[in-house]
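Structure record follows, encoded as structure tokens.
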Amino acid sequence: MDKNLWQQIQLVRQHSPLVHNITNYVVMNNTANALLAVGASPIMAHAKSEIHEMVNIAHSVVINIGTLDEYWSEAMLLGAEAAHLAKKPWILDPVGAGATGFRDRILNQLLQYKPTVIRGNASEIIALAKANTTVTKGVDSTAKSDEAISAAQFLVDHYQTIVCISGETDIIIDHEKTFLIKNGHPLMTKVTGLGCSATAIIGAFIGVTENATESVAAAMALIGISGEIAVLESKGPGSLQVNLIDKLYNITEEEFSSHLKIERL
Numbered sequence: 152m153d154k155n156l157w158q159q160i161q162l163v164r165q166h167s168p169l170v171h172n173i174t175n176y177v178v179m180n181n182t183a184n185a186l187l188a189v190g191a192s193p194i195m196a197h198a199k200s201e202i203h204e205m206v207n208i209a210h211s212v213v214i215n216i217g218t219l220d221e222y223w224s225e226a227m228l229l230g231a232e233a234a235h236l237a238k239k240p241w242i243l244d245p246v247g248a249g250a251t252g253f254r255d256r257i258l259n260q261l262l263q264y265k266p267t268v269i270r271g272n273a274s275e276i277i278a279l280a281k282a283n284t285t286v287t288k289g290v291d292s293t294a295k296s297d298e299a300i301s302a303a304q305f306l307v308d309h310y311q312t313i314v315c316i317s318g319e320t321d322i323i324i325d326h327e328k329t330f331l332i333k334n335g336h337p338l339m340t341k342v343t344g345l346g347c348s349a350t351a352i353i354g355a356f357i358g359v360t361e362n363a364t365e366s367v368a369a370a371m372a373l374i375g376i377s378g379e380i381a382v383l384e385s386k387g388p389g390s391l392q393v394n395l396i397d398k399l400y401n402i403t404e405e406e407f408s409s410h411l412k413i414e415r416l
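Residue numbers for the sequence shown follow the numbering used here, so the first one is 152 and each next one is one higher.
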């Protein structure tokens, strides 16, 4: 398994996929740097007038509703529709799902364009599936990742998608298998937008692979392992942010393989 995942990482470095991000402005810089570090090429474009052209030249599309507003929601819907019609892989990050009616309405519309992957924390996945009632604390999860498995399975079955539940254990589910990834470090939760960076990295990986589920596992393992290693030379969340970008860029196969903690169910 580790050889297959490392091959996914190498594919991104070799092909440098163009990733069109319609994302939130809190994390744009970090997200772009993370994509560059793994070997991808980021575009951050939100203007409705150029959405279709951008989607057409991109390998994949990332839609992150973190700083949602009326204009950006229209751009996101255009991007999701264009990706769906062009059969381009796209990933949805349902930041703050369940927090407001506005977010939920936009998410319901976005889901109609059947994202290739959905990545969110447990509370967001539960809210998105409406499989349970839970409180979303802003963009932070009040549920553990394993509490969202049934909600994730509902999304997989209903929208023919892959769901990645982020948490202490990352859980990746498709229609026939489940991966558990136990990499990462608690200090990573103190750096804003690392989940958004994970979403963007997944976006890069699904742009160059034929095995989308395996590419999601590779992307989540990569950022988790890079975080583990970066913590060792960091004094706090500020230096971790910098060191993590460096490790995404220079991680070796030996480092990846020796730290990988993955289980297939």
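The beta-carbon is built from N, C-alpha and C at its ideal position, and this holds for glycine as well. Just so you know, these numbers come straight off a predicted model, no measurement behind them.
Annotated as distal: L391 and I374, with beta-carbon spacing of 9 Å or more. Following the DSSP letters along the chain, one finds S366 inside the alpha helix (DSSP H) bounded by residues 363 to 382. Boundaries of the beta strand (DSSP E) harbouring V213: 211 to 215, taken from the DSSP string. Its Cα nearest to that of V206, the residue H235 stands out among L243, T329, H235.
Between L411 and D220, the gap from beta carbon to beta carbon reaches 9 Å or more. Out of T343, A237, I323, the CA that lies nearest to the CA of I276 is found in I323. Membership of H309 in the alpha helix (DSSP H) is indicated by the continuous run 300 to 310. A direct Cα-to-Cα measurement between A278 and A185 gives close to 28 Å. Beta-bridge partners of L331 (DSSP): I322, E414.
Between Y264 and L228, the C-beta spacing is below 9 Å. Ranked by Cα distance from L399, the options V367, A349, Q311 are led by A349.
For F253, there are no CB contacts under 6 Å within the same chain when 5 residues up- and downstream are skipped. By a beta-carbon distance limit of 8 Å, A355 contacts V170. Their separation comes to about 5 Å. Residue environment for N401: exposed (fewer than 16 other C-beta atoms within 10 angstroms of its C-beta).
Taking 9 Å as the cut-off, the beta carbon of A273 is found closer than this to the beta carbon of I316.
Distance from the CA atom of G358 to the CA atom of P193, rounded to whole angstroms, is 12 Å. The alpha-carbon separation between V393 and N180 amounts to approximately 12 Å.
Between P240 and T312 a beta carbon distance of about 11 Å is seen, past the 8 Å cut, so the two are scored as non-contacting. Take I202, set aside five residues on each side of it, and the residues of its chain with a beta-carbon closer than 7 Å to its own are A226, L229, G230, A233, in chain order. Leaving aside the five residues that flank A209 on each side, the residues in its chain whose CB is nearer than 7 Å to its CB run, in chain order, L169, V170, H171, I194, K239. Note on geometry: alpha-carbon atoms of T343 and E404 lie some 27 Å from one another. One alpha carbon belongs to N259, the other to A248, and they sit about 10 Å apart. Looking at the backbone, the Cα of E414 and that of G335 are separated by about 15 Å. Per the C-alpha coordinates, the member of L187, V246, S385, T174 positioned closest to K341 is S385. Per DSSP, the continuous beta strand (DSSP E) segment holding D244 begins and ends at 241 to 244. A residue is called buried when at least 16 other Cβ atoms come within 10 angstroms of its Cβ; A237 does not meet this threshold and is exposed. Within the DSSP secondary-structure output, G271 pairs in a beta bridge with I316.
Taken atom to atom, the span from the alpha-carbon of V314 to that of H166 is near 25 Å.
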